[in-house]
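Participant: Residue numbers (the numbering used here), protein chains in the order written: chain E, 1 to 372; chain W, 373 to 648; chain S, 649 to 969.
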Amino acid sequence: MTALPHGTSPAAAAAAAAADEDDALLTLDDVVKHFPIRRGIVIKSEVGQVRAVDGVSLTVRRGETLGLVGETGCGKSTLARCMTRLYPLTSGRITFDGHDISRLSPRAMRPYRRQMQMIFQDPYGSLNPHRRIGSIIGDPFAIHGVADGPERKRKVQELMELVGLNPEHFNRFPSDFSGGQRQRIGVARALALRPKLIVCDEPVSALDVSIQAQIINLLQTLQSELGLTYVFIAHDLSVVEHVSDRVAVMYLGKVVEIAERAALYSTPRHPYTAALLSAASVADPDRAAVRQRIVLHGDVPSPIDPPSGCRFHPRCPKAQEICGRVQPDLVPVLADPPKHVTACHFPMADGEKLGPAPAEPADAHPPGIGMR
Amino acid sequence: MCGAFILFLVLVAVFADPLSHLIGWGPTQQDRATGTTADGLPVGPGRIHLLGADQLGRDVLVRLIYGARVSLVVGVSAAIAAVLIGVIIGLCAGFLGPAVDSVLARLMDVVLAFPFLLFAIALVTVVGPSELLEIAVIAFFSWAAVGRIVRGQTLAIREREYVEAARSLGAGNLRIMVVDVLPNLIAPVLVYVTLLIPISIVFEATLSFLGVGIIPPTPSWGNMLDDAQQGGLYQVAWWFLTFPAAALVLTTLAFNLLGDSVRDALDPRTERLFAK
Amino acid sequence: MLRFLIRRTLTGLLVIWLISVVVFAIFFIAPPNVAFLLLGKFQASNQQLVEQVTAQLGLNKPIPVQYWNFLVRLLHGNLGYSYYSHEAVTTLIGRALPVTASLAIGAAIIWVVSGVLIGVLSATHPRSIRDRLATLFALTGLSFPTFVLGLILLFFLFYKLHLAGIDWFPGSGYVPLTQDPWQWFLHLILPWITLAVASMAVYVRLARGQMLEVLGDDYIRTARAKGLSETRVTFRHALRAALVPIVTQFGIDVATLLGGAIVTEQVFGLNGLGALSVSSVVNQDEPVIIAIVLLAAVFVVIANILVDILYAVLDPRVRLE
Ligand SMILES: Nc1ncnc2c1ncn2[C@@H]1O[C@H](COP(=O)(O)OP(=O)(O)OP(=O)(O)O)[C@@H](O)[C@H]1O
Ligand code: SF4
Ligand SMILES: [Mg+2]
Chain E
1 MTALPHGTSP AAAAAAAAAD EDDALLTLDD VVKHFPIRRG IVIKSEVGQV
51 RAVDGVSLTV RRGETLGLVG ETGCGKSTLA RCMTRLYPLT SGRITFDGHD
101 ISRLSPRAMR PYRRQMQMIF QDPYGSLNPH RRIGSIIGDP FAIHGVADGP
151 ERKRKVQELM ELVGLNPEHF NRFPSDFSGG QRQRIGVARA LALRPKLIVC
201 DEPVSALDVS IQAQIINLLQ TLQSELGLTY VFIAHDLSVV EHVSDRVAVM
251 YLGKVVEIAE RAALYSTPRH PYTAALLSAA SVADPDRAAV RQRIVLHGDV
301 PSPIDPPSGC RFHPRCPKAQ EICGRVQPDL VPVLADPPKH VTACHFPMAD
351 GEKLGPAPAE PADAHPPGIG MR
Chain W
373 MCGAFILFLV LVAVFADPLS HLIGWGPTQQ DRATGTTADG LPVGPGRIHL
423 LGADQLGRDV LVRLIYGARV SLVVGVSAAI AAVLIGVIIG LCAGFLGPAV
473 DSVLARLMDV VLAFPFLLFA IALVTVVGPS ELLEIAVIAF FSWAAVGRIV
523 RGQTLAIRER EYVEAARSLG AGNLRIMVVD VLPNLIAPVL VYVTLLIPIS
573 IVFEATLSFL GVGIIPPTPS WGNMLDDAQQ GGLYQVAWWF LTFPAAALVL
623 TTLAFNLLGD SVRDALDPRT ERLFAK
Chain S
649 MLRFLIRRTL TGLLVIWLIS VVVFAIFFIA PPNVAFLLLG KFQASNQQLV
699 EQVTAQLGLN KPIPVQYWNF LVRLLHGNLG YSYYSHEAVT TLIGRALPVT
749 ASLAIGAAII WVVSGVLIGV LSATHPRSIR DRLATLFALT GLSFPTFVLG
799 LILLFFLFYK LHLAGIDWFP GSGYVPLTQD PWQWFLHLIL PWITLAVASM
849 AVYVRLARGQ MLEVLGDDYI RTARAKGLSE TRVTFRHALR AALVPIVTQF
899 GIDVATLLGG AIVTEQVFGL NGLGALSVSS VVNQDEPVII AIVLLAAVFV
949 VIANILVDIL YAVLDPRVRL E
């Protein structure tokens with residue numbers, strides 16, 4: 001799909017229609033992020049691209065939590081880093097609070113950085129082991145020249161208290177804390193400048209289950225107290241179900257379905273969503289009983305050379321000839337309301353059960369290559 | 373033990389003046405009367421000259437003491453300067469992206485591929501020898517090795533999530549380099565400094581030995597050894613070779629041992645190595 | 649592989665070119681009084697003669713032009729004539745090269761072979777007396793400045809033995825290999841040891857550390873479990889993996905070889921490239937210095953390329969891309 005620098009793609013139009021325009025805090029319009037694979041002696045020639053994010057349009061509404069799920073390597077983290085403009089975009093447009101931030105330089109991005117923050121997956125990797133946590137949490141103040149000296153210390157301690165850390169501990173090092181406490185440090189740092197949007201990239205995946213609940217509760221409490229908007233990334237569907245108002249499902253760099261939580265979990269339209277749901281451990285025993293497990297065959301294809309047409313077609317039990325040729329649009333299907341959009345030629349009817357996936361992929365593609 | 377020796381050396385260097393006063397000879401004072409024999413040969417260790425005299429009747433012990441001062445001043449300042457340059461350039465090469473990196477990495481290649489001793493000799497001959505120039509030359513040819521290692525470590529640290537976290541907060545390159553990357557380099561930097569000091573001391577002695585370092589008559593261990601070699605003097609006056617050589621070897625040995633223990637203390641990798 | 653070679657050769661050429669610029673720049677900053685050097689004291693006062701010589705050498709042209717002419721001559725293999733002895737630079741270098749080559753190659757063989765051997769043997773018995781002795785040797789060797797070691801060897805193995813009536817080791821001079829191999833060998837033993845010890849110490853430590861690490865690796869355990877003999881495991885499997893950083897170190901050491909040769913030749917009175925470079929620096933003999941520096945740089949670059957190739961041969965994980 002080519003980028004339309006001005007004007008809006010059909011998918012974005014649908015997505016925008018799904019959300020109330022005035023309510024949009026963050027709008028992605030056909031966002032593309034390719035990582036070039038270079039090779040060469042003096043002049044580096046581009047021999048290929050990792051199409052990590054390949055045309056994503058969605059809207060995040062003020063005050064909501066948008067869940068983002070998908071298998072590993074489908075581009076969730078890359079999309080998150082595009083949203084917060086940690087990566088330059090290959091193409092597409094990002095509007096934050098009414099401002100187009102898609103082409104801003106790092107310097108021009110600075111004022112917006114105060115309003116959008118990230119919480120990272122790895123509570124060990126995201127805190128510098130050589131710095132005291134008081135200074136880590138105070139970083140946002142130092143960078144934006146907000147508070148100094150005793151005032152900064154007071155603010156840092158307030159934040160620590162807010163996220164449930166002992167404010168006396170501000171002189172300790174990250175290694176003195178457990179994983180859950182470290183994630184609280186990360187949350188405190190993200191909150192420091194009272195941002196509007198927080199993008200949480202798998203904030204609890206690295207934690208023990210018991211601690212996951214604590215952090216999620218903390219995030220939810222903070223959301224209602226401070227009126228935050230979250231993008232919440234996870235590969236665990238039950239976590240996403242617990243926190244999200246709406247959920248977007250990603251597959252190989254594309255969003256395949258977006259719907260309100262209840263609709264997505266009760267009537268998934270995309271076969272991939274249905275397969276994910278059937279594979280997930282479902283908390284509700286009634287639902288678990290009726291849902292038979294569908295195991296997807298084959299590996300996720302490589303984002304370097306994604307399948308033609310619908311990217312899911314080599315693994316899709318419902319795939320037909322057209323799926324390999326024509327890429328389906330992300331639009332309301334069957335009798336869905338405009339806020340439930342699906343990219344599938346043959347969406348699942350209400351109550352339809354997914355048959356077994358094809359044993360042999362219909363279209364042989366090389367297995368996914370881990371680049372990291 | 374090596375720490376004690378280094379401390380001793382530092383004290384000797386600092387109190388060189390009162391010490392030489394105590395011993396009774398100046399560093400360049402020529403004792404024509406008792407320092408050389410009737411046929412012009414230097415006298416050996418004895419009551420008048422504790423460690424003997426040199427061909428001009430100068431006291432070897434006093435000259436050794438002043439030589440320690442030269443070695444320490446040149447060795448330590450050159451090592452620190454080299455590490456400073458190496459860290460700054462290595463940090464920039466590793467952090468500021470491929471364009472800066474390829475230029476700086478090439479620069480390090482050039483410096484490392486340079487026949488440095490020859491260049492040092494050429495430069496000193498052209499500009500004229502001085503202590504400051506000697507420090508500059510040593511630092512100039514030692515920083516690249518440090519720079520290479522720092523670059524490698526920076527490249528790794530750059531990919532850490534906390535660097536990305538700092539970026540997402542709006543921190544600029546300079547701030548991330550100073551606040552987030554540099555603290556990770558403190559341990560290795562300390563190791564480089566202790567390991568570079570003996571290298572710089574040897575470098576200094578070599579330049580002085582070749583006659584392009586410390587200008588005589590100011591004593592340095594290197595030019596004392598040069599004096600000893602001139603005309604095969606060491607063959608008749610063993611003290612003249614032995615004492616400066618011993619001072620030099622013991623000093624570098626002490627610093628090498630110190631560097632080893634600093635590394636063992638700071639680098640968990642080596643710890644694991646020995647535990648196996 | 650070919651791509652790799654081309655790339656390395658190109659960067660190598662770049663490095664050599666940069667070095668030529670630097671050397672040229674030094675003489676630009678402080679140009680020697682060439683006319684004086686060439687004509688001698690008396691004729692240098694003859695202004696007309698001086699100008700004639702200067703024009704003949706092209707020294708009256710702007711520096712970039714001089715540099716360009718120098719490059720052109722270089723590409724034709726013409727390194728010019730010594731300002732001092734008036735001989736062709738190629739002749740001077742041709743005379744000195746065999747001395748330095750004998751010295752450097754012999755020393756390199758000694759330090760690599762014995763350094764690695766000592767390191768490996770001490771790693772197979774960590775914490776044994778053998779290991780401790782090796783570590784001690786390494787640290788002491790590392791602490792001995794080359795020239796100090798040379799002087800001490802001279803003092804004991806030449807002078808003291810000489811006094812005792814034993815003349816095994818000549819104190820100075822060089823005998824060409826083609827003339828008398830045995831005398832060539834005898835004259836070089838002490839210089840070889842002098843030049844080799846410091847580097848040898850580095851290799852002992854490196855080989856020991858690497859071997860300790862590799863010997864703990866899984867595939868070595870597998871090899872042992874398969875019942876391969878300990879010697880075979882040590883030398884065929886572990887050493888091969890441990891050699892990689894050693895080879896890298898060798899590439900770095902090659903760059904310092906000329907420095908070591910300068911000092912060693914000075915101590916033992918060998919008329920090699922080191923001695924030639926020192927005397928030409930003292931005499932401000934620009935063409936000779938430039939030639940030697942460039943030769944050394946070419947040598948370093950070639951050695952580094954060879955090292956990279958060896959690296960790939962030794963470590964199947966490395967791809968030359
Ligand atoms: N900097 C990069 N350079 C090249 N390829 C990259 C880069 N970052 C990510 N990729 C590739 O892009 C694809 C998407 O990666 P991404 O990290 O966004 O996935 P993810 O959905 O976050 O996976 P996970 O659940 O493992 O975190 C992967 O194939 C990855 O290998
Ligand atoms: S478009 Fe076709 S292949 Fe893709 S999900 Fe729908 S049915 Fe499956
Ligand atoms: Mg991720």
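Every residue, glycine too, gets a C-beta built ideally from N, C-alpha and C. Owing to the predicted nature of the structure, the values given are computational and were not obtained by experimental measurement.
Need the endpoints of the beta strand (DSSP E) that residue 260(E) sits in, please.
Facilitator: Taken as a continuous stretch (DSSP letters only), the beta strand (DSSP E) holding residue 260(E) covers 254-260.
Participant: Could you spell out the range, first to last residue, of the beta strand (DSSP E) harbouring residue 93(E)?
Facilitator: Unbroken beta strand (DSSP E) run through residue 93(E): 91-96.
Participant: Ligand 3 and residue 202(E): does any heavy atom of the ligand fall closer than 7 Å to the residue's C-beta?
Facilitator: For ligand 3, at least one heavy atom lies less than 7 Å from the Cβ of residue 202(E).
Participant: Kindly say whether residue 487(W), judged by its beta-carbon, lies nearer than 8 Å to any beta-carbon of chain S.
Facilitator: Yes - at least one Cβ of chain S is within 8 Å of the one on residue 487(W).
Participant: Could you check whether the Cβ of residue 353(E) sits closer than 7 Å to any heavy atom belonging to ligand 2?
Facilitator: No, since every heavy atom of ligand 2 falls outside the 7 Å radius drawn around the Cβ of residue 353(E).
Participant: Quick one: is residue 372(E) buried, meaning 16 or more other Cβ sit within 10 Å of its Cβ, or exposed?
Facilitator: Because residue 372(E) sits at a pLDDT of 28, beneath the cut-off of 50, its placement in the model cannot be relied upon, and the following sentence gives the value as read from the coordinates. With fewer than 16 other Cβ atoms within 10 Å, it is exposed.
Participant: Should residue 599(W) be flagged as near chain S, meaning a C-beta pair shorter than 8 Å?
Facilitator: By this cut-off, residue 599(W) is not an interface position.
Participant: Which two residues bound the contiguous alpha helix (DSSP H) that contains residue 685(W)?
Facilitator: Since the first residue of chain W shown is 373 and the last is 648, residue 685(W) is not available in this structure.
Participant: Can you find the residues in the same chain that come closer than 8 Å, C-beta to C-beta, to residue 290(E), ignoring five residues on each side of it along the sequence?
Facilitator: Only weak support exists for where residue 290(E) lies, its pLDDT of 46 falling under 50; the coordinates are left without a value.
Participant: Could you check the C-alpha separation between residue 506(W) and residue 583(W) for me, to the nearest Å?
Facilitator: C-alpha separation (whole angstroms): 12 Å.
Participant: In the DSSP assignment, find the alpha helix (DSSP H) that holds residue 846(S) and state where it starts and stops.
Facilitator: It spans 829-863 - the alpha helix (DSSP H) in which residue 846(S) sits, taken as one unbroken run.
Participant: Taking its Cβ as the centre, do 16 or more other Cβ atoms sit within 10 Å of residue 138(E), making it buried, or is it exposed?
Facilitator: Counting Cβ neighbours within 10 Å, residue 138(E) comes out buried, since at least 16 surround it.
Participant: Identify the contact partners of residue 541(W) in chain E, using a Cβ-Cβ distance below 7 Å as the criterion.
Facilitator: Near residue 541(W) (Cβ distances below 7 Å), the residues of chain E are 113, 139, 140 and 143.
Participant: Under 7 Å from any heavy atom of ligand 2, does the C-beta of residue 74(E) make it?
Facilitator: No.
Participant: Return the chain-ordered list of same chain residues with a C-beta closer than 7 Å to the C-beta of residue 933(S), the five sequence neighbours on each side being excluded.
Facilitator: Taken in chain order, the residues that qualify are 730, 731 and 732.
Participant: Give every residue of the same chain whose Cβ lies closer than 6 Å to the Cβ of residue 931(S), excluding the five residues on either side of it in the sequence, and list them in chain order.
Facilitator: Hits under 6 Å: 732.
Participant: Check whether the segment 824-831 of chain S and the segment 764-780 of chain S are in contact - that is, three or more C-beta pairs closer than 8 Å.
Facilitator: No contact exists between the segment 824-831 of chain S and the segment 764-780 of chain S.
Participant: Out of 523(W), 474(W), 530(W) and 377(W), point me to the one whose CA is closest to residue 561(W)'s CA.
Facilitator: Minimum Cα distance to residue 561(W) is reached at 523(W).
Participant: Beta carbons nearer than 8 Å to chain S: which residues of the segment 551-582 of chain W have them?
Facilitator: Residues passing the 8 Å Cβ filter: 570, 574, 577, 578, 581 and 582.
Participant: Could you tell me if the beta carbon of residue 35(E) falls within a distance shorter than 7 Å of some heavy atom in ligand 1?
Facilitator: Yes.
Participant: Could you please tell me which residues of the segment 517-540 of chain W, in chain order, have their CB closer than 8 Å to any CB of chain C?
Facilitator: Given the protein chain composition of this structure (E, W and S), no chain C is represented.
Participant: Between residue 478(W) and chain S, is the shortest Cβ-Cβ distance under 8 Å, so that the two count as touching?
Facilitator: Yes - at least one Cβ of chain S is within 8 Å of the one on residue 478(W).
Participant: Taking the straight line between their C-alpha atoms, what separation do you get for residue 924(S) and residue 875(S)?
Facilitator: Between residue 924(S) and residue 875(S), the C-alpha separation is close to 56 Å.
Participant: What did DSSP end up calling residue 796(S) once you bin it into helix, strand or coil?
Facilitator: In this structure, residue 796(S) counts as helix in the three-state DSSP scheme.
Participant: Please tell me whether residue 920(S) and residue 747(S) are closer than 8 Å, where the distance is taken between their beta carbons.
Facilitator: Their beta carbons are under 8 Å apart, which means residue 920(S) touches residue 747(S) by this criterion.
Participant: Using the Cα positions of residue 483(W) and residue 806(S), report the straight-line distance between them to the nearest angstrom.
Facilitator: Cα to Cα, residue 483(W) sits roughly 37 Å from residue 806(S).
Participant: For residue 807(S), go through chain W and note every residue whose CB falls closer than 9 Å to its CB, in chain order.
Facilitator: Result: 604, 606 and 607.
Participant: Comparing the CB of residue 268(E) with every heavy atom of ligand 2, is any distance shorter than 7 Å?
Facilitator: Result no, Cβ not under 7 Å from ligand 2.
Participant: To the nearest angstrom, how far is the alpha carbon of residue 115(E) from that of residue 84(E)?
Facilitator: So the alpha carbons of these two residues sit roughly 10 Å apart.
Participant: Specify which residues have a beta carbon nearer than 5 Å to any heavy atom of ligand 2, listing them in chain order.
Facilitator: Ordered along the chain, the selected set is 271(E), 310(E), 312(E), 313(E), 316(E), 318(E), 319(E), 323(E), 328(E), 344(E), 345(E) and 346(E).
Participant: Is residue 925(S) close to chain W, meaning its C-beta is less than 8 Å from at least one C-beta of that chain?
Facilitator: It does; some Cβ of chain W falls within 8 Å.
Participant: Should the segment 190-200 of chain E be regarded as contacting the segment 112-131 of chain E, the criterion being three or more beta carbon pairs within less than 8 Å?
Facilitator: Counting Cβ pairs under 8 Å, three or more are found: they touch.
Participant: In three-state DSSP terms, what is residue 385(W)?
Facilitator: DSSP places residue 385(W) in helix when its eight states are reduced to three.
Participant: Between the C-alpha atoms of residue 41(E) and residue 475(W), what's the straight-line distance to the nearest angstrom?
Facilitator: The pLDDT assigned to residue 41(E) is 46, lower than 50, so where the model puts this residue is not dependable; a value taken from the coordinates is nonetheless given after this. Using only the alpha carbons, I get a separation of about 15 Å.
Participant: Could you work out which residue in 58(E), 127(E) and 175(E) is closest to residue 541(W) when comparing CA atoms only?
Facilitator: The candidate whose alpha carbon is nearest that of residue 541(W) is 127(E).
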